Amino acid sequence: MKKQITISVNGEKHTLEVEPRELLVHVIREKLRLTGTHIGCDTTSCGACTVLLNGKSIKSCTVLAIQADGKEVSTVEGLATAEGLHPLQEGFKENHGLHCGFCTPGMLMRAVELLEHNDNPTEEEIRWGIAGNLCRCTGYNNIVKAIQYASAKMRGEETPSTEPEFV
Amino acid sequence: MIPATFDYAAPASLEEAFSLLEQHGDEAKILAGGHSLIPMMKLRFASPEFLIDINNIPGLAHIKEEDGYLKIGALAREADLEHSELIRSKYPIFMDATKLIADPQVRNMGTVGGNIAHGDAANDHPAVMMALRAEVVISSAEGQRTVPIDEFFYGFYMTAVQPNEILTEIRIPVPGAGTGNAYHKMERKVGDYATAGVAVQLTLDGDGVCTYAGIGLTNVNPVPLRAARSEEVLVGHKLDEERIELAGQYASEDCNPSTDLRGDEEYKRAMVKVLTKRMINKAIERAKS
Chain A
4 MKKQITISVN GEKHTLEVEP RELLVHVIRE KLRLTGTHIG CDTTSCGACT VLLNGKSIKS
64 CTVLAIQADG KEVSTVEGLA TAEGLHPLQE GFKENHGLHC GFCTPGMLMR AVELLEHNDN
124 PTEEEIRWGI AGNLCRCTGY NNIVKAIQYA SAKMRGEETP STEPEFV
Chain B
481 MIPATFDYAA PASLEEAFSL LEQHGDEAKI LAGGHSLIPM MKLRFASPEF LIDINNIPGL
541 AHIKEEDGYL KIGALAREAD LEHSELIRSK YPIFMDATKL IADPQVRNMG TVGGNIAHGD
601 AANDHPAVMM ALRAEVVISS AEGQRTVPID EFFYGFYMTA VQPNEILTEI RIPVPGAGTG
661 NAYHKMERKV GDYATAGVAV QLTLDGDGVC TYAGIGLTNV NPVPLRAARS EEVLVGHKLD
721 EERIELAGQY ASEDCNPSTD LRGDEEYKRA MVKVLTKRMI NKAIERAKS
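Taken in order, these protein sequences are the chains called A and B. When we follow the working numbering, the leftmost residue of the first sequence carries the number 4, and every step to the right adds one. When we follow the working numbering, the leftmost residue of the second sequence carries the number 481, and every step to the right adds one.
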């Protein structure tokens, strides 16, 4: 009962045979070997598996690979370019927006869409914006700062020089 | 967790979808956003033999006003509501509700139609649709029928939608002047189901007399509940503190919450009362502005 699907992942087209019941996250990790996308809770709660599907952030543990047929998928592996890190990656690095790093790929991909809708979000908007992503290390404060840093940088403004908080 | 084996098709028209439904009967399930269905399939609470993905069917993703109705197509996502200028400017109750439904990623997939068609009293849109007196358009190979929201929910996971039918649209009468609405649910954390939730829509005439009241309750009854006695105590009167208190009291008496991890029955009744009063006051405030 396998079906053929074609998905574009980080700009590269892949034609694959999948069973309808295969989840998008499994295809990304196990068939395409892009293991930056993590599986955390496997129950649509933690957001570690967040990728972009046609530009919208989704939890790839709750989408069938076959639903992505003909669509574009973006994963954390596609964020950095030859010129260097994506402003969000730089923000997380500069502001200690991660500790163990498990939630980070999902946080980054969610934040990409958040900044696309709102290029200058308030702290409250950022916190609502990442409500579907759990982090058990940072207490979120430095993640919020990392996203603020990226938002300033992407607007061409000076990046905030606040000291990271250690909690 | 991986769902049990099933077969899948993504038809390009409603006609094709109906013929697949005809062929597979109640072994088939409709896939829209999939954010209730796929988790259930992963947990093996549901194991349909066939999924009919309706996402490739054009003409189902609209959110528009037409012929005196706000029409929400079966494929309109929660995120589409959030980002719709029409909804932002004219239907604040949906802005209240969508913000509290799951999280942004889920709202990018989950549909309003699916939230209702799932038939779960813990979902948020059923109570909102009761407050707004929505109608549900259900289509099949035989044609279309329209079911008032009060007659839509049969029981736990059971609705008026039959195995050969698809929910295709929700219609909400465009509210007249002097109308305000509001929704809030108490949740323990983001993405949780409601401990209790209350949706209110009110219309006030020039003298401040209430000419319409719709009140729906979330997750405090086996099926989504209209707080009918609360509505009756408001309509035809100026809304003073005493009437609002009574409306809250009736809602808390008429619901039927069950004790669970979110609280015991008495607590939930108390929360229904508080939320009903608050949402009435918020709706009045919005009706006047």
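By construction, the Cβ of each residue, glycine as well, lies at the ideal position given by its N, Cα and C atoms. Keep in mind the model is a prediction, meaning the values are calculated, not measured.
C-alpha gap between residue i and residue j, whole angstroms
i, j, result
"Leu137 (chain A)", "Asp685 (chain B)", "47 Å"
"Val608 (chain B)", "Leu35 (chain A)", "43 Å"
"Gln151 (chain A)", "Arg668 (chain B)", "27 Å"
"Asn701 (chain B)", "Gln503 (chain B)", "35 Å"
"Arg709 (chain B)", "Ser769 (chain B)", "27 Å"
"Ser154 (chain A)", "Pro90 (chain A)", "8 Å"
"Leu118 (chain A)", "Leu755 (chain B)", "34 Å"
"Leu55 (chain A)", "Gly100 (chain A)", "21 Å"
"Leu500 (chain B)", "Pro572 (chain B)", "38 Å"
"Lys748 (chain B)", "Arg706 (chain B)", "16 Å"
"Asn144 (chain A)", "Met157 (chain A)", "20 Å"
"Ile543 (chain B)", "Ile567 (chain B)", "8 Å"
"Thr78 (chain A)", "Ile724 (chain B)", "51 Å"
"Phe95 (chain A)", "Ala149 (chain A)", "5 Å"
"Ala621 (chain B)", "Met666 (chain B)", "41 Å"
"His29 (chain A)", "Cys64 (chain A)", "8 Å"
"Leu517 (chain B)", "Leu511 (chain B)", "7 Å"
"Ala582 (chain B)", "Lys74 (chain A)", "24 Å"
"Arg32 (chain A)", "Lys6 (chain A)", "19 Å"
"Asn699 (chain B)", "Phe498 (chain B)", "32 Å"
"Thr141 (chain A)", "Asn98 (chain A)", "11 Å"
"Ile650 (chain B)", "Ala611 (chain B)", "14 Å"
"Gly87 (chain A)", "Lys16 (chain A)", "23 Å"
"Met589 (chain B)", "Gly514 (chain B)", "7 Å"
"Leu111 (chain A)", "Trp131 (chain A)", "15 Å"
"Ala577 (chain B)", "Arg587 (chain B)", "11 Å"
"Ser11 (chain A)", "Ser564 (chain B)", "28 Å"
"His41 (chain A)", "Gly109 (chain A)", "8 Å"
"Ile129 (chain A)", "Ile61 (chain A)", "17 Å"
"Leu523 (chain B)", "Asn603 (chain B)", "19 Å"
"Met759 (chain B)", "Ala83 (chain A)", "47 Å"
"Ile146 (chain A)", "Thr107 (chain A)", "9 Å"
For residue i, three-class secondary structure by DSSP
i, result
"Thr756 (chain B)", "helix"
"Gln729 (chain B)", "helix"
"Pro628 (chain B)", "strand"
"Pro653 (chain B)", "strand"
"Gly447 (chain B)", "A question about residue 447 (chain B) goes unanswered here, because the residues of chain B that appear run from 481 up to 769."
"Gln70 (chain A)", "helix"
"Val689 (chain B)", "strand"
"Leu697 (chain B)", "strand"
"Ile61 (chain A)", "strand"
"Phe498 (chain B)", "helix"
"Met666 (chain B)", "strand"
"Ile581 (chain B)", "coil"
"Gly660 (chain B)", "strand"
"Ala556 (chain B)", "coil"
"Ser154 (chain A)", "helix"
"Phe530 (chain B)", "strand"
"Ile482 (chain B)", "coil"
"Asp506 (chain B)", "helix"
Per-residue burial, residue i [other beta carbons within 10 Å of its own, 16 or more giving buried]
i, result
"Pro653 (chain B)", "exposed"
"Ser569 (chain B)", "exposed"
"Cys44 (chain A)", "exposed"
"Leu591 (chain B)", "Going by the sequence as given, residue 591 (chain B) is Thr instead of Leu. Buried, because 16 or more other Cβ atoms sit within 10 Å of the Cβ of Thr591 (chain B)."
"Val715 (chain B)", "exposed"
"Ser493 (chain B)", "exposed"
"Glu562 (chain B)", "buried"
"Leu741 (chain B)", "exposed"
"Val139 (chain A)", "Per the sequence shown, residue 139 (chain A) should be read as Arg rather than Val. Per the 10 Å Cβ criterion, exposed."
Residue i: CB within 7 Å of a non-hydrogen atom of the ligand PLP
i, result
"His17 (chain A)", "The ligand PLP is not part of this structure, which contains no ligands at all."
Interface flag, residue i vs chain C, CB-CB below 8 Å
i, result
"Gly553 (chain B)", "As a matter of chain content, chain C is missing from the structure shown, whose protein chains are A and B."
| request: Would you list, in chain order, the members of the stretch 582-600 of chain B that have their beta-carbon closer than 9 Å to a beta-carbon of chain A? | output: Ala582, Asp583, Pro584, Gln585, Val586, Arg587, Asn588 and Met589
| the stretch 549-560 of chain B / the stretch 583-599 of chain B touching (three or more Cβ pairs under 8 Å) | yes
| task | Please name the residues in the stretch 76-95 of chain A whose beta-carbon is closer than 8 Å to at least one beta-carbon of chain B, in chain order. | result | none
| Which residues, in order along the stretch 20-45 of chain A, keep a beta-carbon less than 8 Å from a beta-carbon of chain B? | Glu22, Pro23, Arg24, Glu25, Leu26, His29 and Asp45
| query | Do the stretch 482-497 of chain B and the stretch 13-25 of chain A meet, that is, are 3 or more Cβ pairs less than 8 Å apart? | reply | yes
| How do the stretch 633-642 of chain B and the stretch 726-744 of chain B stand: do at least 3 beta-carbon pairs fall below 8 Å, yes or no? | no
| Below 8 Å, can you find three or more Cβ-Cβ pairs linking the stretch 665-680 of chain B to the stretch 604-618 of chain B? | yes
| query | Quick one, which residues of the stretch 481-507 of chain B are near chain A if we go by CB-CB under 8 Å, in chain order? | reply | Met481, Ile482, Pro483, Ala484, Thr485, Phe486, Asp487, Tyr488 and Ala490
| field | Residues, ordered as in the chain, of the stretch 511-525 of chain B that lie near chain A by beta-carbon distance below 9 Å | value | Leu511, Gly514, His515, Ile518, Pro519, Met521, Lys522 and Leu523
| query | Got a sec: which bits of the stretch 55-66 of chain A sit with their beta carbon under 9 Å from any beta carbon on chain B, in order along the chain? | reply | Leu56, Lys59, Ser60, Ile61, Lys62, Cys64, Thr65 and Val66
| message | Against chain B, which members of the stretch 129-147 of chain A pass a CB distance test of less than 9 Å? | response | Trp131, Gly132, Ile133, Ala134, Gly135 and Asn136
| field | Residues of the stretch 101-129 of chain A with Cβ closer than 7 Å to any Cβ of chain B, in chain order | value | Arg113
| message | Closer than 8 Å between beta carbons: that is the criterion. Which residues of the stretch 673-695 of chain B meet it against chain A? | response | none
| field | Contacting positions in the stretch 530-546 of chain B - beta carbon closer than 8 Å to chain A | value | Leu531, Asp533 and Asn535
| field | chain A contacts from the stretch 648-660 of chain B (Cβ-Cβ distance under 7 Å) | value | none
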